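To start, the structure itself, in C-alpha coordinates.
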Amino acid sequence: MKPVLDAIVKLVNTVRSRGLTHRQFRDFLQSVQSEYSDVLYCMKVRWLSAGCVFERVWQLKDNIVSFFYEKQCSAKCEMLEDTKWLSDFAFFTDLLCHMNNLNVKMQGKNQFIDDIWAHLKALKLKLNLFAGQLAKNDLSHFSRLNSIPLVNEEKLKNYEDGKKKCILSSNADFKISVPFKQNWIFLPCLST
6 MKPVLDAIVK
16 LVNTVRSRGL
26 THRQFRDFLQ
36 SVQSEYSDVL
46 YCMKVRWLSA
56 GCVFERVWQL
66 KDNIVSFFYE
76 KQCSAKCEML
86 EDTKWLSDFA
96 FFTDLLCHMN
106 NLNVKMQGKN
116 QFIDDIWAHL
126 KALKLKLNLF
136 AGQLAKNDLS
146 HFSRLNSIPL
156 VNEEKLKNYE
166 DGKKKCILSS
176 NADFKISVPF
186 KQNWIFLPCL
196 ST
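Just remember that the working numbering sits 5 ahead of the position in the sequence shown, which is counted from 1.
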(Lines of atoms letter the chains of each structure in order from A; the text may use other names.)
(Lines give C-alpha, C1' and ligand atoms only; values in the text may rest on other atoms or scores of the structure.)
Protein backbone atom coordinates (compact mmCIF):
# COMPACT_ATOMS: atom_id res chain seq x y z
CA MET A 6 0.00 0.00 0.00
CA LYS A 7 3.05 2.25 0.05
CA PRO A 8 2.55 3.26 -3.61
CA VAL A 9 -0.98 4.45 -2.78
CA LEU A 10 0.25 6.39 0.25
CA ASP A 11 3.06 7.98 -1.77
CA ALA A 12 0.71 8.94 -4.61
CA ILE A 13 -1.80 10.57 -2.25
CA VAL A 14 0.90 12.44 -0.33
CA LYS A 15 2.35 13.65 -3.63
CA LEU A 16 -1.09 14.75 -4.83
CA VAL A 17 -1.84 16.60 -1.59
CA ASN A 18 1.59 18.24 -1.64
CA THR A 19 1.02 19.31 -5.24
CA VAL A 20 -2.11 21.14 -4.15
CA ARG A 21 -0.92 22.48 -0.80
CA SER A 22 2.77 23.24 -1.24
CA ARG A 23 2.43 26.04 -3.77
CA GLY A 24 0.58 29.09 -2.51
CA LEU A 25 -1.01 30.03 -5.82
CA THR A 26 -2.20 26.49 -6.57
CA HIS A 27 -3.54 26.12 -3.03
CA ARG A 28 -5.51 29.39 -3.26
CA GLN A 29 -6.84 28.43 -6.68
CA PHE A 30 -7.89 25.02 -5.38
CA ARG A 31 -9.73 26.54 -2.40
CA ASP A 32 -11.42 29.04 -4.71
CA PHE A 33 -12.37 26.21 -7.07
CA LEU A 34 -13.92 24.21 -4.20
CA GLN A 35 -15.85 27.29 -3.13
CA SER A 36 -17.06 27.93 -6.68
CA VAL A 37 -18.40 24.37 -7.04
CA GLN A 38 -19.94 24.66 -3.56
CA SER A 39 -18.05 21.68 -2.21
CA GLU A 40 -18.78 20.37 1.26
CA TYR A 41 -15.11 20.85 2.13
CA SER A 42 -13.02 23.94 1.68
CA ASP A 43 -9.60 22.31 1.50
CA VAL A 44 -7.62 19.09 1.41
CA LEU A 45 -5.74 18.02 4.56
CA TYR A 46 -1.99 17.65 4.97
CA CYS A 47 -0.53 14.25 5.79
CA MET A 48 2.15 14.29 8.47
CA LYS A 49 4.54 11.38 8.79
CA VAL A 50 4.96 12.11 12.48
CA ARG A 51 1.26 11.50 13.04
CA TRP A 52 0.65 8.49 10.80
CA LEU A 53 -2.98 8.28 11.86
CA SER A 54 -3.53 11.60 10.13
CA ALA A 55 -3.22 9.61 6.90
CA GLY A 56 -6.68 8.16 7.49
CA CYS A 57 -8.23 11.61 7.66
CA VAL A 58 -6.24 12.76 4.62
CA PHE A 59 -7.27 9.69 2.60
CA GLU A 60 -10.90 10.14 3.55
CA ARG A 61 -10.86 13.81 2.52
CA VAL A 62 -9.12 13.08 -0.78
CA TRP A 63 -11.65 10.30 -1.42
CA GLN A 64 -14.52 12.71 -0.88
CA LEU A 65 -12.89 15.39 -3.03
CA LYS A 66 -11.53 13.11 -5.77
CA ASP A 67 -13.98 14.28 -8.44
CA ASN A 68 -13.31 17.92 -7.60
CA ILE A 69 -9.55 17.31 -7.64
CA VAL A 70 -9.79 15.74 -11.11
CA SER A 71 -11.91 18.65 -12.36
CA PHE A 72 -9.48 21.18 -10.88
CA PHE A 73 -6.44 19.64 -12.57
CA TYR A 74 -8.28 19.33 -15.90
CA GLU A 75 -9.20 23.00 -15.63
CA LYS A 76 -5.54 23.85 -15.01
CA GLN A 77 -4.60 21.53 -17.91
CA CYS A 78 -2.47 19.35 -15.61
CA SER A 79 -4.46 16.13 -15.88
CA ALA A 80 -1.30 14.00 -15.60
CA LYS A 81 -1.05 14.90 -11.91
CA CYS A 82 -4.35 13.18 -11.11
CA GLU A 83 -4.53 10.42 -13.70
CA MET A 84 -4.42 7.73 -11.00
CA LEU A 85 -7.79 8.99 -9.70
CA GLU A 86 -9.30 7.82 -12.98
CA ASP A 87 -7.63 4.39 -13.02
CA THR A 88 -10.10 1.81 -11.66
CA LYS A 89 -7.40 -0.61 -10.48
CA TRP A 90 -5.52 2.07 -8.58
CA LEU A 91 -8.77 3.53 -7.31
CA SER A 92 -9.76 0.17 -5.81
CA ASP A 93 -6.45 0.07 -3.89
CA PHE A 94 -7.05 3.62 -2.73
CA ALA A 95 -10.61 2.79 -1.63
CA PHE A 96 -9.50 -0.34 0.25
CA PHE A 97 -6.66 1.50 1.99
CA THR A 98 -8.98 4.38 2.89
CA ASP A 99 -11.55 1.99 4.38
CA LEU A 100 -8.82 0.21 6.35
CA LEU A 101 -7.33 3.46 7.66
CA CYS A 102 -10.79 4.66 8.73
CA HIS A 103 -11.22 1.47 10.78
CA MET A 104 -7.82 2.13 12.37
CA ASN A 105 -8.77 5.74 13.10
CA ASN A 106 -11.96 4.55 14.80
CA LEU A 107 -9.85 2.30 17.02
CA ASN A 108 -7.54 5.18 17.80
CA VAL A 109 -10.44 7.41 18.85
CA LYS A 110 -11.88 4.68 21.05
CA MET A 111 -8.56 4.25 22.83
CA GLN A 112 -8.17 7.94 23.63
CA GLY A 113 -9.74 10.04 26.27
CA LYS A 114 -10.16 10.13 29.98
CA ASN A 115 -11.20 7.19 32.10
CA GLN A 116 -9.73 4.63 29.71
CA PHE A 117 -8.47 1.68 31.69
CA ILE A 118 -6.10 -0.92 30.32
CA ASP A 119 -8.82 -3.54 30.18
CA ASP A 120 -10.94 -1.23 28.01
CA ILE A 121 -8.01 -0.63 25.68
CA TRP A 122 -7.25 -4.35 25.59
CA ALA A 123 -10.88 -5.07 24.70
CA HIS A 124 -10.66 -2.59 21.80
CA LEU A 125 -7.48 -4.28 20.54
CA LYS A 126 -9.04 -7.74 20.74
CA ALA A 127 -12.11 -6.43 18.94
CA LEU A 128 -9.86 -5.12 16.17
CA LYS A 129 -8.27 -8.54 15.80
CA LEU A 130 -11.72 -10.12 15.52
CA LYS A 131 -12.72 -7.47 12.98
CA LEU A 132 -9.64 -8.24 10.90
CA ASN A 133 -10.62 -11.92 10.88
CA LEU A 134 -14.17 -10.98 9.94
CA PHE A 135 -12.97 -8.65 7.16
CA ALA A 136 -10.67 -11.34 5.72
CA GLY A 137 -13.55 -13.82 5.70
CA GLN A 138 -15.87 -11.32 4.07
CA LEU A 139 -13.31 -10.44 1.42
CA ALA A 140 -12.98 -14.17 0.64
CA LYS A 141 -16.74 -14.22 -0.02
CA ASN A 142 -16.66 -10.96 -2.03
CA ASP A 143 -18.72 -9.30 0.70
CA LEU A 144 -17.75 -5.63 0.89
CA SER A 145 -20.25 -4.53 3.52
CA HIS A 146 -17.53 -3.12 5.80
CA PHE A 147 -15.71 -1.47 2.91
CA SER A 148 -18.11 1.21 1.73
CA ARG A 149 -15.64 3.03 -0.50
CA LEU A 150 -14.41 -0.17 -2.13
CA ASN A 151 -18.02 -1.26 -2.58
CA SER A 152 -18.78 1.98 -4.43
CA ILE A 153 -16.34 1.07 -7.22
CA PRO A 154 -18.04 -0.87 -9.99
CA LEU A 155 -16.56 -4.22 -10.97
CA VAL A 156 -13.79 -4.64 -8.42
CA ASN A 157 -11.41 -7.28 -9.71
CA GLU A 158 -11.69 -10.60 -7.82
CA GLU A 159 -7.91 -10.98 -7.96
CA LYS A 160 -7.62 -7.65 -6.13
CA LEU A 161 -10.03 -8.90 -3.46
CA LYS A 162 -7.88 -12.01 -3.06
CA ASN A 163 -4.81 -9.78 -2.61
CA TYR A 164 -6.65 -7.71 -0.01
CA GLU A 165 -7.72 -10.87 1.82
CA ASP A 166 -4.13 -12.19 1.80
CA GLY A 167 -2.91 -8.84 3.09
CA LYS A 168 -5.45 -8.95 5.92
CA LYS A 169 -4.40 -12.49 6.83
CA LYS A 170 -0.75 -11.40 6.95
CA CYS A 171 -1.76 -8.49 9.15
CA ILE A 172 -3.63 -10.85 11.46
CA LEU A 173 -0.72 -13.29 11.63
CA SER A 174 1.79 -10.55 12.32
CA SER A 175 -0.49 -9.04 14.93
CA ASN A 176 -0.72 -12.35 16.82
CA ALA A 177 2.72 -11.71 18.25
CA ASP A 178 1.72 -8.17 19.15
CA PHE A 179 -1.49 -9.26 20.84
CA LYS A 180 0.20 -11.73 23.18
CA ILE A 181 1.00 -10.09 26.46
CA SER A 182 2.98 -12.19 28.83
CA VAL A 183 3.68 -11.20 32.38
CA PRO A 184 7.36 -11.93 33.01
CA PHE A 185 7.09 -11.26 36.70
CA LYS A 186 5.04 -12.74 39.47
CA GLN A 187 2.68 -10.58 41.34
CA ASN A 188 4.35 -10.28 44.69
CA TRP A 189 2.41 -7.90 46.80
CA ILE A 190 4.04 -6.32 49.78
CA PHE A 191 1.74 -5.26 52.53
CA LEU A 192 3.01 -2.67 54.93
CA PRO A 193 1.45 -2.59 58.34
CA CYS A 194 -0.46 0.54 59.07
CA LEU A 195 1.16 2.55 61.78
CA SER A 196 -1.25 4.16 64.16
CA THR A 197 -0.20 7.38 65.81
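Even glycine gets a Cβ: it sits at the ideal position worked out from N, Cα and C.
No experiment lies behind these values; they were computed from the predicted model shown.
Proximity of LEU101 and PHE59 at Cβ, strictly below 9 Å: By 1-based counting over the sequence shown, the position of residue 101 is 96. By 1-based counting over the sequence shown, the position of residue 59 is 54. Yes, they are a contact pair.
Grab the span of the alpha helix (DSSP H) containing ASN151 for me, first residue to last. Counted from its first residue, the sequence shown places residue 151 at position 146. It spans 148-151 - the alpha helix (DSSP H) in which ASN151 sits, taken as one unbroken run.
Of the choices SER36, ASP32, GLN38 and SER79, whose alpha-carbon is the least far from that of LEU16? Counting from 1 along the sequence shown, the entry for residue 16 is found at position 11. When only C-alpha atoms are compared, the closest one is SER79.
Suppose the cutoff is 6 Å on Cβ atoms and the five residues either side in sequence are ignored; what does the same chain contact list for ILE61 look like? Sequence index remark: in the sequence shown, residue 61 carries index 56 (1-based). For the sequence presented, residue 61 should be read as Arg rather than Ile. Excluding sequence neighbours, ARG61 sits near VAL44 and LEU45.
Residue interval of the alpha helix (DSSP H) (run including GLU75): In the sequence shown, counting from the first residue as 1, residue 75 sits at position 70. Run containing GLU75: 54-75, per the alpha helix (DSSP H) assignment.
Does the region 138-156 come close enough to the region 84-100 to have 3 or more Cβ pairs within less than 8 Å? yes
DSSP state of PHE135 mapped onto helix, strand, coil: Within the sequence shown, numbered from 1, the residue matching residue 135 stands at position 130. In the structure shown, PHE135 sits in a helix (DSSP, three-state: H, G or I).
What span of residues does the alpha helix (DSSP H) with ASP93 cover, start to end? In the sequence shown, counting from the first residue as 1, residue 93 sits at position 88. Element bounds for ASP93: 88-111.
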